[in-house]
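Step one of this worksheet: look at the structure below.
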Amino acid sequence: AAMADTSRPVFVFVPGAWHLPEAFDAIRGLMAQRGLETEAVTLTSVGAEPPTKGLHSDIAHVHSVLQRLADEGRQIVVIVHSYGGLVGAGAVEGLEYARRAQNGQKGGVIMLVYMTAFVVPKGKSLKDMLGGQWLPWMKFNVRSSTPTASASRH
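Heads up: the sequence shown runs through residues 1 to 154, numbered per the UniProt record's numbering.
Set out below in structure tokens:
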């Protein structure tokens with residue numbers, strides 16, 4: 001593999017709930033053709049039946065990916081989709097480029113791009129933003145405290 005051009009940002013894609021990172025393969029291929037480096041994260045919450053991982057686990061995992069890149073001195077653009085907006089907003093905390101620079105550290109997140117993603121203010125939940133009710137196609141598992149998509153509607 002060719003050495004990464006560390007003078008250019010790396011683009012990190014965070015998928016939505018129930019999505020695999022392969023959802024970004026087409027755009028990542030086009031970006032690679034233009035010499036842009038990308039990564040796509042696999043969320044820890046995807047695929048487990050019953051769901052055993054959730055938002056906090058996803059945030060910690062994405063944060064670790066971003067931490068590694070920041071510690072390599074990379075400037076990072078985080079691109080989030082759907083539920084990935086919740087994950088990305090939490091994962092970038094403490095890794096902001098300006099904050100790291102103030103502490104004498106190189107690298108960090110320079111931009112958070114919401115691509116048809118949920119934008120939820122700190123301290124609020126997705127349910128709060130939906131008017132206090134889940135959408136009709138969402139089922140809520142009380143035992144695991146997680147919403148799931150109804151197969152008949154999604």
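Even for Gly, the Cβ is constructed at its ideal location relative to N, Cα and C. Just so it is clear, the structure is predicted and the values come from calculations on it, not from any experiment.
Taking the straight line between their C-alpha atoms, what separation do you get for residue i and residue j?
{"i": "G47", "j": "A91", "result": "21 Å"}
{"i": "Y83", "j": "V109", "result": "19 Å"}
{"i": "P136", "j": "G104", "result": "49 Å"}
{"i": "A1", "j": "L112", "result": "Residue confidence for A1 is low, a pLDDT of 46 falling below 50, so the modelled location carries little weight and cannot support an answer."}
{"i": "V62", "j": "G88", "result": "7 Å"}
{"i": "E49", "j": "L43", "result": "14 Å"}
{"i": "S119", "j": "H81", "result": "At residue 119 the sequence reads Val, which differs from the Ser that was named. Near 10 Å, if we compare the C-alpha coordinates of H81 and V119."}
{"i": "K124", "j": "I27", "result": "31 Å"}
{"i": "L20", "j": "V65", "result": "16 Å"}
{"i": "V41", "j": "V77", "result": "13 Å"}
In the DSSP output, which residue or residues are listed as bridge partners for residue i?
{"i": "E96", "result": "V109"}
{"i": "T42", "result": "Bridge partners of T42: none, in fact."}
{"i": "Q75", "result": "G108"}
{"i": "V12", "result": "E39, V78"}
The beta strand (DSSP E) that contains residue i, what's its start and end?
{"i": "V119", "result": "Run containing V119: none; DSSP gives neither H nor E here."}
Counting C-beta neighbours from all protein chains within 10 Å, is the total for residue i 16 or more, i.e. buried, or is it exposed?
{"i": "L30", "result": "exposed"}
{"i": "L69", "result": "buried"}
{"i": "D25", "result": "exposed"}
{"i": "L86", "result": "buried"}
{"i": "G73", "result": "exposed"}
{"i": "P15", "result": "buried"}
{"i": "R34", "result": "exposed"}
{"i": "P121", "result": "exposed"}
{"i": "V10", "result": "buried"}
{"i": "G131", "result": "exposed"}
{"i": "G94", "result": "exposed"}
{"i": "S7", "result": "exposed"}
Going by DSSP, what residue range makes up the alpha helix (DSSP H) through residue i?
{"i": "residue 157", "result": "Examination of residue 157 is not possible in this model, given that the chain is present from 1 through 154 alone."}
{"i": "L36", "result": "Run containing L36: none; DSSP gives neither H nor E here."}
{"i": "A91", "result": "84-91"}
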